[in-house]
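Everything below concerns the one structure shown next.
Number of protein chains: 4
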Amino acid sequence: MRLLVSCRILPWRRDFSSTARRRVIRDISELPDRVRPSYVQRPTNTLLSLQWPSPPRNILITKKKRTPGITNSLIEYSTHLSTTYPSINVIVEPESADEIHERVSFPVYTYQRPEHGNASPEHLSDKTDLVCTLGGDGTILRASSLFSHATSVPPILSFAMGTIGFLGEWKFKEYKRAFREVYMSGASDAYAKLEDPEVDHRSFPPASPDDPLDKPLSYADIRGKTMGANRTARILLRNRLKVGVFGPDGSRMNSLPESGDTYALNEVIIHRGSSPHLKIIDVFVGGRFLTEAVADGVIISSPTGSTAYSLSSGGSIVHPLVPSLLLTPICPRSLSFRPLVLPAETPITLRLGEKNRGREVEVSIDGKRISEKIGVGMEVRVLGENVKSEDGEWCGGVPSIVRGVNGLEDKEDDHWVGGLNALLKFNYPFGDQDSGH
Amino acid sequence: MRLLVSCRILPWRRDFSSTARRRVIRDISELPDRVRPSYVQRPTNTLLSLQWPSPPRNILITKKKRTPGITNSLIEYSTHLSTTYPSINVIVEPESADEIHERVSFPVYTYQRPEHGNASPEHLSDKTDLVCTLGGDGTILRASSLFSHATSVPPILSFAMGTIGFLGEWKFKEYKRAFREVYMSGASDAYAKLEDPEVDHRSFPPASPDDPLDKPLSYADIRGKTMGANRTARILLRNRLKVGVFGPDGSRMNSLPESGDTYALNEVIIHRGSSPHLKIIDVFVGGRFLTEAVADGVIISSPTGSTAYSLSSGGSIVHPLVPSLLLTPICPRSLSFRPLVLPAETPITLRLGEKNRGREVEVSIDGKRISEKIGVGMEVRVLGENVKSEDGEWCGGVPSIVRGVNGLEDKEDDHWVGGLNALLKFNYPFGDQDSGH
Amino acid sequence: MRLLVSCRILPWRRDFSSTARRRVIRDISELPDRVRPSYVQRPTNTLLSLQWPSPPRNILITKKKRTPGITNSLIEYSTHLSTTYPSINVIVEPESADEIHERVSFPVYTYQRPEHGNASPEHLSDKTDLVCTLGGDGTILRASSLFSHATSVPPILSFAMGTIGFLGEWKFKEYKRAFREVYMSGASDAYAKLEDPEVDHRSFPPASPDDPLDKPLSYADIRGKTMGANRTARILLRNRLKVGVFGPDGSRMNSLPESGDTYALNEVIIHRGSSPHLKIIDVFVGGRFLTEAVADGVIISSPTGSTAYSLSSGGSIVHPLVPSLLLTPICPRSLSFRPLVLPAETPITLRLGEKNRGREVEVSIDGKRISEKIGVGMEVRVLGENVKSEDGEWCGGVPSIVRGVNGLEDKEDDHWVGGLNALLKFNYPFGDQDSGH
Amino acid sequence: MRLLVSCRILPWRRDFSSTARRRVIRDISELPDRVRPSYVQRPTNTLLSLQWPSPPRNILITKKKRTPGITNSLIEYSTHLSTTYPSINVIVEPESADEIHERVSFPVYTYQRPEHGNASPEHLSDKTDLVCTLGGDGTILRASSLFSHATSVPPILSFAMGTIGFLGEWKFKEYKRAFREVYMSGASDAYAKLEDPEVDHRSFPPASPDDPLDKPLSYADIRGKTMGANRTARILLRNRLKVGVFGPDGSRMNSLPESGDTYALNEVIIHRGSSPHLKIIDVFVGGRFLTEAVADGVIISSPTGSTAYSLSSGGSIVHPLVPSLLLTPICPRSLSFRPLVLPAETPITLRLGEKNRGREVEVSIDGKRISEKIGVGMEVRVLGENVKSEDGEWCGGVPSIVRGVNGLEDKEDDHWVGGLNALLKFNYPFGDQDSGH
Ligand SMILES: NC(=O)C1=CN([C@@H]2O[C@H](COP(=O)(O)OP(=O)(O)OC[C@H]3O[C@@H](n4cnc5c(N)ncnc54)[C@H](O)[C@@H]3O)[C@@H](O)[C@H]2O)C=CC1
Ligand SMILES: NC(=O)C1=CN([C@@H]2O[C@H](COP(=O)(O)OP(=O)(O)OC[C@H]3O[C@@H](n4cnc5c(N)ncnc54)[C@H](O)[C@@H]3O)[C@@H](O)[C@H]2O)C=CC1
Ligand SMILES: NC(=O)C1=CN([C@@H]2O[C@H](COP(=O)(O)OP(=O)(O)OC[C@H]3O[C@@H](n4cnc5c(N)ncnc54)[C@H](O)[C@@H]3O)[C@@H](O)[C@H]2O)C=CC1
Ligand SMILES: NC(=O)C1=CN([C@@H]2O[C@H](COP(=O)(O)OP(=O)(O)OC[C@H]3O[C@@H](n4cnc5c(N)ncnc54)[C@H](O)[C@@H]3O)[C@@H](O)[C@H]2O)C=CC1
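Chains as they are written, first to last, in my numbering: chain A, 2 to 438; chain B, 2 to 438; chain C, 2 to 438; chain D, 2 to 438.
Below, the structure written as structure tokens:
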């Protein structure tokens, strides 16, 4: 439906004037390969430190849908990045590319929307250094779903537009400082004097034969003031769920066979959906039958998702760093189906047995419904993602950049405790303190 | 689709031989008018006593759907009634009439299935003296929904087929004794010697000019042994909800405009249904704004329904004789939305405001989905049914015949307490008492 | 300990100067008998209207304990009453009498503190027309406990000092208007021009031979502007629990044998108290065994108490006008002990059986511990109070004066809905609306 | 009170006949030092394998209190050990030593009961190779509390007497097989032909100058059939809580200053205890203020304790292998205090602030009350125990021997899933399956 105006496909665009040349949509396949950061744990801190080997260049920016004014924010933000950090390439989603490419003075990169609803966009996970989201929790979930078949997700920096969500961290007005901290994070040699007016801010890197896009940028190239090696962005590595949905015949239903499992950030659910009747779901834990759930549905949630649907269904709040999976029933027809918290490495299977009347059920991952007809005989198989490799390296998960800078913890709030109190109104006290009664 | 083989419509059937003549399907409009019992409260008992002015004659029998063997039970049961109580007329649902009329030696009465899905069958509430259900709670709910526009529902006698439900009371094998108790309930003059072999059991009342159908039967006509005036069937009068569903333009959506409100036995719910997103529902209580529910949905339940969906959603168990309405959220996105129990006479309104993204929501009454497209702007208005008239008479509600005979309470279980323990496994003790561990 | 300085006991005080004469503590037995109001239900309103046959005269004022400044408020309030309504007699608790009698220019009445901890003060319920409380919910509970052996409790008007409680209604600064509304409530003949400076406010009624104390005051005696017959104070008649605590030998433990049952406004609880071990409590409902609770304890609560301890233990919120009793377990060792809501007229018994290890348990009524040694074999028997007599009159209960005036409902909030939202933070929405995040 | 009849103290006992000599109570200080097993993790299994370097010799057996018949079981069990495994030394608690030493033909070892209530018995943790408990969960908790100041607890083998608890695993009648499996666990060289009648079962090892007690036993010394190196006992390493209770002046209140923190297997609680009023407890997480709990109390629980008090208070069920701490309020006066699951390494502090009325509160560890007067200003500080050392070795925790043998998993139940279903009646289905309705 949407036409991808790729430079490769439409090379004549290159002949245009320099102004016009910038108003193009390019394909992400043209971008240099991704810069992979490492995550370092300091003994005194449970959060990780982000360490770029060289400055990030390819920045994906996603925005909330159907929100007035948000396109302007996208333009403002991407223009800031492109102007302040000339080596940066801006990637946006296809619709955003259509919307903004004529209104900005730099090329925007995008990707082909995959044909199969649950497939991941090609090249995206090989080219994206950093993801920035403008919106709420839903926008973060959608951004994370763009990497739902990738084992390595780029760090995500989230800006709230309007109300702050539980997963988001920064207010949009903080974007300059927040981005700079992330951009410089862990650089130990030299630093850009980024806001120095004398610096020659090249609006676009030269397209010379030895294109700088092909060799990594070095922090030494960036002139400017030192920020101190210890001031690193703080990463909360959120472990995800590996989800496979299988039909009665054993075939995969949530993705193309070659893409394998889908990763979920919050949860996967089976639910009665549009049927007004109870569903009967067999639950297996660690390969053994645990119980038959007669309920509206069942949630398998990550600790991150413990404050999402699972919370509404009566689950406990689990800190994102507890390596665990939550099994939370939705409206069970039983007085004794208490939510369970299981080790992250426990395989869980939900099977929709023969007893079910209704033909179709809802299966959703992170609030996105899996579209195929799913019914009796289906299985959802889940395993927690391992975020520490054999040799002790941190890998996998969704690296979420949280407020505060490592090295300055004492002056900062704990983001999670803050979220409980300010957003979830955890243990909100009784009384008339804020009523005009 | 189904052809109602009514005697009036197809009079030639009348000319058949007496055997054949019985194998007909007749229309309920031919039946004598309903016999309305009264319900008497004894000081020592919270349950009511059923008191027939004259023996019931028109018995509606409904059965569970899609259950093997149940048609045979229907035939067995209706044959017993027809043989033992010759003055009784058997009414069944249209499908059942098709299934059994050729296999029984008495005429079966039925009604036209209404064209509009939520309308009530014509004449049914004017002709039915007593309802018998063969099935589980779902069958009772379906039977009660046949009277969902009637202010006066006939008493319901329920037989469990297989597992006992929470609303049902008798095992099918008890049907002879159970029916007799109900049939004779409150007769104070004389009684039938019902199982006396000498009695001439007329298999069908004579179709004479002065058809006995037109004048009420008297207990004096029934020869037989006295059962004692105090042995009356025990009635639990379950108060219902009066539900109106209105579109954004104020038009009724749950029924034909002329049929007015629909009565629910368990509950009415608004639910996100097939949309994977939260719904935002404004709740008004007593005409005043109470709260904005952000949730999967909201339940308004009768005390009877407190052990149904509301229970699964975390509601308290409310005894059916507490005159109340329950407001129970389904998976609310709030830590502080505790279920509420409100006075039965409180009007409650649920309104689906503009903020909702999804176009369509599920509205279900007693587990039956209201089919019309229902969306933003819609309102569900609920009021508890009043089961005591101004002058202190018991009226309305669903008169459910519960185990035990008034006058013999001491030897009987409390049916509700029994149900909590045996069926809901209320406060089921920990330990290995029944495990083979 | 405290010496009651009663006028009868110490008649020499009468000989003092008129100033001194007022600084006395008198015994309530000297007061004229109580004026009993009636409670009228209007069809359009669930709250009752307070109707005095003649203006109230004997006003009991109780105050919160251990609260700085509250004695000054008591003096301010009682002085206002005494000055503005000369026929009013001020009753206070013995400690308050000691504290204030030298600081006010009118006599204060009080009573003998009963010797037995759980007995009621003599005469109090025969002499008190109206109770005013200065404090929070605890003060209202304590005031109500002064009438815990009386079947007819005077209306209670509550002023919050500091934070508003759930049972309290007015802020202290509203006391003039609030009291006047109550004082005049239902007077249909004539009204006092109460704040008219010309009126001769007799500071004390003359102690003539035909003491006006002996004949009821009439609204006609009170000169002033009409307030309109429809402007009546609104009464929420809170039904209480009738509680009997019995030892293993069947003897009463919560009161003197002659005082009979104790009435509770919130609840009665059995609890493990200081023992660190589970208690095992047999629960009987309607005379039949319901269940064995293995738990920290069990609460039997009135609907009023549903927002107190029962709420903290997971009970539903029940509107005070739902005639019911709540059975809520405290930390039960069972996954399936859901709170129950039972008809108000159901007798409930809790029995502490032989299986219990600990010798002693806590039994508390409205947060006040019953002091005697209570242990194995003990029984707590509870029944809801009936607030409507055979002939349809409202009686019993705790008549709580709630905000708003009958006849002006539309302009007023619903006090209960308001309390849910403003005080209990019912369904408090997520998000950062009031955070400075 | 009790006199420890130690061999060292009363040497004349040594002069007695050999029969008499055995009827002595000896002090554990005489025993050879403890044999410390290692715990090996197999990739395919989440449970650990018990591996003795040499056969265990010093076996502590504890039994339930106040239970008729249990002393006989203790005698039966200890006699079996002593007869079948001649090198084994039986250690019992002081009271048991008094009870049984005259009834058995081998010496029993015991220890001095410490004077200070919360101190640990001297030498016990240096001498005990294995703990066996005869009783229920309470007996296991008491056994574990004997090691509440030790960083290394011996493996615990638990036999249920009567009903099976959630922490216990074997029925008493299985003791022979169960003990042999534990005894031989991980022996890779040679095995005893344990039940071979030809074997000379020395009823007691000779007390020669070169006492065999002083050199470790080798599996090679035990003649008999090989059991296979893979058949090892399965260990669930339950991580504990490190608890410090501090007075307002910063002094330790739960133990002697030199013993440091106390380890809890289930939980530590602060509770209102005998006071009928709410407590106000400040909760700090990771050094930062989290919330003010207004409640009956607060529980900090290990995952093992998640099925104990925390469950009764509404907490989720957490698998013992999820490295976490639970913060569960007891009857909080808030609608929004949902239980929390935090990373095991998070320090939590509970502080009893100035606002509290009552002077004294209950602080209990594993159901045992800390006796000192504890009140305003007190702090409870908790940290999860780390069960994996820097170099990846398993250490600490309570090594609980669970059913099944490693290497034979497929034929065995999952003990935890089994416990949920059989003991906690997790998700117990509705219906009349086991009622005689
Ligand atoms: N009854 C419920 O609570 C339901 C919850 N959801 C949740 O919504 C998510 C999808 O989000 P949207 O597409 O925005 O749908 P949506 O428009 O239905 O909003 C979901 C809400 O959940 C919040 N949320 C999402 N993830 C969260 C997290 N990890 N912690 C705390 N709050 C979180 C969002 O801020 C938003 O308020 C799903 O992953 C599911 O967890 C979806 C359906 C029903
Ligand atoms: N998650 C849940 O708990 C859900 C419950 N329902 C309930 O199902 C009812 C419709 O019943 P069916 O058509 O048979 O649907 P269904 O096949 O989904 O079964 C509903 C179950 O609820 C039981 N039930 C119905 N009314 C009851 C009552 N008053 N007390 C105790 N148990 C009761 C039935 O025995 C059956 O086990 C609805 O009125 C609603 O209350 C419907 C959807 C979901
Ligand atoms: N964990 C808990 O929730 C506990 C609650 N209580 C409650 O406290 C009451 C005694 O009150 P105090 O002597 O002031 O003790 P308190 O100092 O322990 O305070 C009890 C709290 O409950 C509130 N409260 C009392 N009655 C209420 C009602 N009907 N609805 C809503 N809130 C109410 C009060 O405003 C106060 O905040 C008892 O009747 C019992 O209901 C007592 C002990 C523990
Ligand atoms: N309301 C409640 O649930 C209370 C629970 N307790 C629990 O009791 C424990 C002390 O036990 P006892 O001295 O025997 O006291 P107890 O005689 O009060 O019995 C406690 C009960 O909890 C069970 N239990 C203990 N630990 C368990 C675990 N980890 N998982 C599942 N069930 C468990 C026992 O089998 C027993 O049924 C405490 O650690 C505390 O967890 C103590 C007081 C109240």
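Even for Gly, the Cβ is constructed at its ideal location relative to N, Cα and C.
| Check | Outcome |
| --- | --- |
| CA-to-CA distance, Arg-114(D) to Pro-198(D), given in whole angstroms | The predicted position of Pro-198(D) is uncertain, since its pLDDT is 41 and thus under 50; a value taken from the coordinates is nonetheless stated next. The straight-line gap from Cα to Cα measures roughly 40 Å. |
| Short CB-CB distance (under 7 Å) between Lys-356(B) and chain C | no |
| Any chain B beta carbon closer than 7 Å to Arg-339(D) | yes |
| Any non-hydrogen atom of ligand 1 within 6 Å of Asn-119(A) CB | no |
| Listed by chain order, chain C residues near Gly-368(D) by CB distance under 8 Å | Pro-277, His-278 |
| Proximal residues, the stretch 416-429 of chain A versus chain C, C-beta separation under 9 Å | Gly-419, Gly-420, Asn-422, Ala-423, Leu-424, Leu-425, Lys-426, Tyr-429 |
| Pairwise C-alpha distance: Pro-324(D) and Tyr-429(C) | 32 Å |
| Distance cut-off 6 Å: Leu-168(C) Cβ against heavy atoms of ligand 3 | yes |
| CB of Arg-334(D) within 7 Å of CB of Ser-145(C), strictly | no |
| C-alpha distance - Leu-424(C) paired with Gly-163(A), whole-angstrom precision | 27 Å |
| Cβ pair Leu-291(C), Val-299(C) closer than 7 Å | no |
| Straight-line gap, Val-383(C) to Gly-419(A) (C-alpha atoms, nearest Å) | 45 Å |
| CB contact below 7 Å: Pro-38(B) versus chain A | no |
| Proximity test, Asn-267(C) beta-carbon vs ligand 3 heavy atom, cut-off 6 Å | yes |
| Same chain, Cβ closer than 7 Å to Gly-288(B), neighbours up to 5 away in sequence not counted | Pro-348 |
| Segment contact flag, the stretch 352-366 of chain D with the stretch 340-357 of chain A, C-beta cutoff 8 Å, min 3 pairs | no |
| Nearest candidate by alpha-carbon position, reference Phe-148(D), set Leu-218(D), Pro-122(D), Asp-130(D), Arg-43(D) | Pro-122(D) |
| Interface residues of the stretch 319-350 of chain D facing chain C [CB-CB below 7 Å] | Ile-331, Cys-332, Pro-333, Arg-334, Leu-336, Ser-337 |
| Beta-carbon gap between Leu-1(A) and Asp-138(A) smaller than 7 Å | Past the edges of chain A, shown from 2 to 438, lies residue 1(A), and the structure says nothing about it. |
| Asp-127(D) - DSSP class collapsed to helix/strand/coil | helix |
| Whether Leu-131(D) touches Pro-56(D) by CB criterion (7 Å) | no |
| Under 9 Å by beta carbon: chain C residues contacting Phe-431(B) | Val-295, Arg-334, Ser-335, Leu-336 |
| Alpha-carbon to alpha-carbon, Arg-143(D) and Phe-427(D) | 26 Å |
| Ser-314(C) at chain D interface by Cβ criterion, 7 Å | yes |
| Ser-365(C): contacting residues in chain D (beta-carbon distance under 9 Å) | Pro-277 |
| Contacts that Arg-289(B) makes with chain C (C-beta to C-beta distance below 7 Å) | Asp-415, Val-418 |
| Same chain, Cβ closer than 7 Å to Trp-13(B), neighbours up to 5 away in sequence not counted | Because the pLDDT of Trp-13(B) is 38, which lies under 50, any placement of that residue in the model is unreliable, and the question is left without a value. |
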